[in-house]
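Colleague: Quick mapping for you: the protein sequence lines, in order, are chains A and B.
Sequential numbering of the first sequence, starting at 440, is according to the working numbering.
Sequential numbering of the second sequence, starting at 29, is according to the working numbering.
One structure, as structure tokens, below. Some questions next.
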Amino acid sequence: GESVGLHLPTLSVQEGDNSIINCAYSNSASDYFIWYKQESGKGPQFIIDIRSNMDKRQGQRVTVLLNKTVKHLSLQIAATQPGDSAVYFCAERVSNAGGTSYGKLTFGQGTILTVHP
Amino acid sequence: GAGVSQTPSNKVTEKGKYVELRCDPISGHTALYWYRQSLGQGPEFLIYFQGTGAADDSGLPNDRFFAVRPEGSVSTLKIQRTERGDSAVYLCASSLTVGGRYNEQFFGPGTRLTVL
């Protein structure tokens with residue numbers, strides 16, 4: 440039978456549209472969140488991050504929104520381009536009370552974004 | 029400058045064999061991380077090093093997996109008595125430090141391990 444893991448959420452958009460990719464994170468103690476882009480055959484590439492004391496952060500063409508109440512992250516990509524086609528992962532990290540990072544990232548399942556010219 | 033490099037890019041082995049996967053971090057990065065990524069999944073944490081010591085090895089699935097970083101730079105992930113379930117892409121990442129709160133992890137391209 441098929442693996443549940445192969446059924447990644449998918450998002451198909453037309454070039455120039457805005458894209459919104461969502462992620463539910465698991466640990467209420469997480470205080471740092473990152474979005475990564477992964478193209479086929481490559482490692483994850485950092486896109487944008489946000490700290491838990493913020494609810495919005497903007498980069499170039501990308502915006503991350505954080506809702507700690509419902510443990511939800513979203514990544515908005517403006518004017519999506521074919522080169523944005525990839526798998527997008529959110530990741531979370533926990534720091535201890537002293538502010539030292541525990542280092543390890545916990546990744547979500549990922550969303551496949553396909554941009555049609 | 030050069031990014032994180034991993035060798036080999038692909039490794040095919042037979043069940044029961046021993047394999048070593050190598051990671052060269054970005055020069056000057058004191059923290060090094062290993063993750064495993066199965067098809068259709070996000071990367072899963074295995075272990076990370078701060079300098080030469082393993083700061084957190086809680087993600088290693090069992091005692092067949094071991095990693096070293098003897099000089100605080102290159103790291104080797106070792107898998108004994110490989111099983112078909114070990115087949116995955118093994119990703120390495122490095123960051124400038126771990127002590128700072130928000131240190132970006134830079135990932136290598138991964139080693140695709142296939143156990144027949």
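Here a beta-carbon is modelled for each residue, glycine too, at the ideal position from N, C-alpha and C.
Does Gln498/A come out as helix, strand or coil in the three-state DSSP assignment?
Modeller: Per the sequence shown, residue 498/A should be read as Gly rather than Gln. Three-state result, Gly498/A: coil.
Colleague: Use the C-beta contact count for Ser122/B: other C-beta atoms within 10 angstroms, 16 or more gives buried, fewer gives exposed.
Modeller: The residue in question, Ser122/B, is buried, as its Cβ has 16 or more Cβ neighbours within 10 Å.
Colleague: Taking C-alpha atoms, which residue in Val554/A, Asn466/A, Pro448/A and Thr449/A lies nearest to Lys507/A?
Modeller: Of the candidates Val554/A, Asn466/A, Pro448/A and Thr449/A, the one whose C-alpha sits nearest the C-alpha of Lys507/A is Asn466/A.
Colleague: If distances are taken between C-alpha atoms only, which option among Met493/A, Gly482/A and Asp523/A comes closest to Ser458/A?
Modeller: Out of Met493/A, Gly482/A and Asp523/A, Asp523/A has the C-alpha closest to the C-alpha of Ser458/A.
Colleague: Quick check: is the beta carbon of Val40/B nearer than 8 Å to any beta carbon in chain A?
Modeller: For Val40/B, the answer is no, since every Cβ of chain A falls outside 8 Å of its Cβ.
Colleague: Quick check: the Cα distance between Asn90/B and Asp488/A, rounded to an integer number of angstroms?
Modeller: If you take the alpha carbons of Asn90/B and Asp488/A, they lie about 32 Å apart.
Colleague: Tell me the DSSP bridge mates of Asp48/B?
Modeller: Position check: residue 48/B holds Glu in this sequence, whereas Asp was assumed. According to DSSP, which records beta bridges pairwise, Glu48/B is partnered with Lys106/B.
Colleague: Decide yes or no for the touch test of the stretch 130-143 of chain B against the stretch 483-500 of chain A: beta carbon pairs closer than 8 Å, at least 3 of them.
Modeller: Segments in contact, yes.
Colleague: Can you give the Cα-Cα distance for Thr502/A and Leu144/B, rounded to whole angstroms?
Modeller: Going from the Cα of Thr502/A to the Cα of Leu144/B covers about 43 Å.
Colleague: For chain A, find out if any of its Cβ atoms is closer than 8 Å to the Cβ of Leu119/B; answer yes or no.
Modeller: Output row for Leu119/B: interface = yes.
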